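Data block below; observations after.
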Amino acid sequence: MRKKKVFRNESLNRLCLLERAVWLVPIGIFLYNVWIDREEIMQVLKADSSFAVIVGLICCFGVITIFYSLIPFAILKVVFGKMKKQVMRNNSFIPIEDFDYYRDKLSGLSPAMISIISDLGIEQRKDVAASILKYQEMGILKVDGNHYEAGDYRNANLRQSDKYLIEGLVNRTFSMENDRKWKQLVEQEAVEEGYLWNRFSPQYKKSKQKKNGLGCGGGCLMSIITLILAIVIVFHVNDKMGQMEHLLQVDETQMTFEEQLENFKQCLEYYPVLAEMVLGVVLFLMALISPVLMLVGAIATAAKAKLLVRTDAGNEMAECIYGMKNFIHDFSNLKEADKEQVVLWDDYLIYAVVLEENQQIVDDIMKRRNERWK
């Protein structure tokens, strides 16, 4: 079976960046704790700046960081991880011919149709900008002063969504922020033309679909195993906890931080016990918050889930679109082209806009449009 290919778009790149940025949470908490205790740290280092003391300080603040950052880190990691995973599902398709580049025109597809086949969604700013560029290239939409004028578009070979968009632009009734009717028309046309299925349609339910992941049952089982493991570890170290109590709960008025650290350095046999204790507490906390993490993960997945899925024809067309995106990215300078060059580049410039290879034209068209509506 061929490996799925994935469209890399702005939404996926942003989620990948956010998922990596979650690591800043423990780093930030670690640095914050070091900063607020900087005076005590400097006193310790002045008294003894050996390698063992430095490692001990790092381990001490590391344990504190784990306890403070564990819950927010886990929640954010699950949220962005699940959202990224769902967007990757939306953007992935099964290749038919397994080629990387495609140069022929995507004849018969509107910019909005190209967009929805590639990632199962409409990104209105760029898709509208690409559509406007397409209508201007066809000569059925013109700019006259502060508004658009339409030619004889009713008899043109256009979809209903295109006619709706042109009428909205001309009459200033189209909602640039979020025009749900236009999106619904595009989705309906993609289904009717056989590129997409609705997940609740009888055709989709009859098709063979593999279920991925462990599901709720697997998540609950992992929580139980984690809790049992945490309890086992805690009971294992319980016998020695009493012996460590005088080291871990020393009255600060009787012993300075340097003396506590020096005292603890003399008890090497307790290091593994302390490590086990920290591990047990972490596992216990993870077991407690795992139901919350499962709920948060389900909500994050649902936020990015789509009701549409590609048909075989949709996968075939998605591969052509994927090849076109690679061709534009690797073998052209369309990223720097402006909209006046549409005569030179023809439909390829429109493809560059809708496939997020040219943001300049999107910004220019949106800026000009906003100025017309003032």
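Quick note, the sequence shown lines up with residues 904 to 1277 if you use our numbering. Virtual Cβ for every residue (Gly too), placed ideally from N, Cα, C. Here the structure is a predicted model, which means the values were calculated and not measured.
Are A1015 and D1001 touching if we call contact CB-CB under 7 Å? Taking 7 Å as the cut-off, the Cβ atoms of A1015 and D1001 do not count as close.
Under the DSSP definition of a beta bridge, which residues are partnered with D1047? In the DSSP output, where bridge partners are listed per residue, D1047 has H1050.
Residue range of the beta strand (DSSP E) that includes N1236: First-last for N1236: undefined, no H or E at that position.
By DSSP, does S953 sit in helix, in strand, or in coil? Note: S953 maps to coil in three-state DSSP.
8 Å contact criterion, which E1090 and I1019 should meet: CB distance rounded: 7 Å between Cβ atoms; contact.
Using CA coordinates, which residue listed in V1184, I967, R1213, A1255 is at the minimum distance from G1226? Here the closest residue by C-alpha is A1255.
Reference S1010, options N1229, C1223, K1228, closest by Cα: S1010 has its Cα closest to that of C1223, out of N1229, C1223, K1228.
Answer yes or no: do Y1056 and L1088 have a C-beta to C-beta separation smaller than 7 Å? In this structure, L1088 does not lie closer than 7 Å to Y1056 by Cβ.
When burial is assigned at 16 or more other CB atoms within 10 Å of the CB, is D1233 buried or exposed? By the neighbour-count rule (16 or more Cβ atoms within 10 Å), D1233 is not buried but exposed.
Could you say which of D1047, L1252, I1043, E1070 lies nearest to A1059 if we only look at CA atoms? The option with the nearest alpha carbon to A1059 is I1043.
Quick check: what's the CA-CA separation for I1268 versus N912? Taking the Cα positions, I1268 is about 20 Å away from N912.
Where do the N-terminal and C-terminal ends of the beta strand (DSSP E) with N936 fall, by residue? N936: not part of any beta strand (DSSP E); member of the alpha helix (DSSP H) spanning 927 to 939, first to last residue.
Secondary structure at D1022, three-state DSSP: helix, strand or coil? D1022 falls in the helix class under three-state DSSP.
Which term fits M945, buried or exposed, when burial requires 16 or more other beta carbons within 10 angstroms of its beta carbon? The residue in question, M945, is exposed, as its Cβ has fewer than 16 Cβ neighbours within 10 Å.
To which residues of the same chain is L1279 closer than 8 Å at the C-beta, ignoring the five residues directly before and after it? In the structure as shown, the chain starts at 904 and stops at 1277, and residue 1279 therefore has no counterpart that could be examined.
Looking at the structure shown, is K908 part of a helix, part of a strand, or coil, going by DSSP? Of the three classes helix, strand and coil, the one that applies to K908 here is strand, per DSSP.
Give me the Cα-Cα distance between L1252 and F970, rounded to the nearest whole angstrom. In a straight line, the C-alpha of L1252 is about 52 Å away from that of F970.
Buried versus exposed call for D1003 [16 or more other C-beta atoms within 10 Å across all chains shown]: It counts as exposed.
According to DSSP, what are the bridge partners of R1213? As a beta-bridge residue in DSSP terms, R1213 pairs with L1099.
Kindly indicate if chain B contains any beta-carbon less than 7 Å away from that of L1196. Structure shown: chain B not included; a single protein chain is present.
Quick one: what's got a C-beta closer than 8 Å to N1115's C-beta in the same chain, skipping five residues either side? Note on N1115: pLDDT 46, under 50, position unreliable in the model; no value is reported.
Let me confirm a value: R1302 is counted as buried when at least 16 other C-beta atoms fall within 10 Å, else exposed. Which label applies? Past the edges of the chain, shown from 904 to 1277, lies residue 1302, and the structure says nothing about it.
Please go through the same chain and pick out, in chain order, the residues whose beta-carbon is closer than 8 Å to the beta-carbon of V937, but skip the five residues on each side of it. Answer for V937: I944, F964, listed in chain order.
Give the straight-line distance between the Cα atoms of V1184 and L1191, rounded to the nearest whole angstrom. Straight-line Cα distance between these residues: approximately 11 Å.
Residues near K1045 by beta carbon distance below 6 Å, same chain, minus five either side: Excluding positions up to five away in sequence, the list reads E1052.
Compute the beta-carbon to beta-carbon distance between F983 and L918, rounded to the nearest angstrom, for a pair I have assumed lies under 8 Å. Right, their Cβ atoms sit about 6 Å apart.
Per DSSP, what are the beta-bridge partners of F996 in this structure? Per DSSP, K908.
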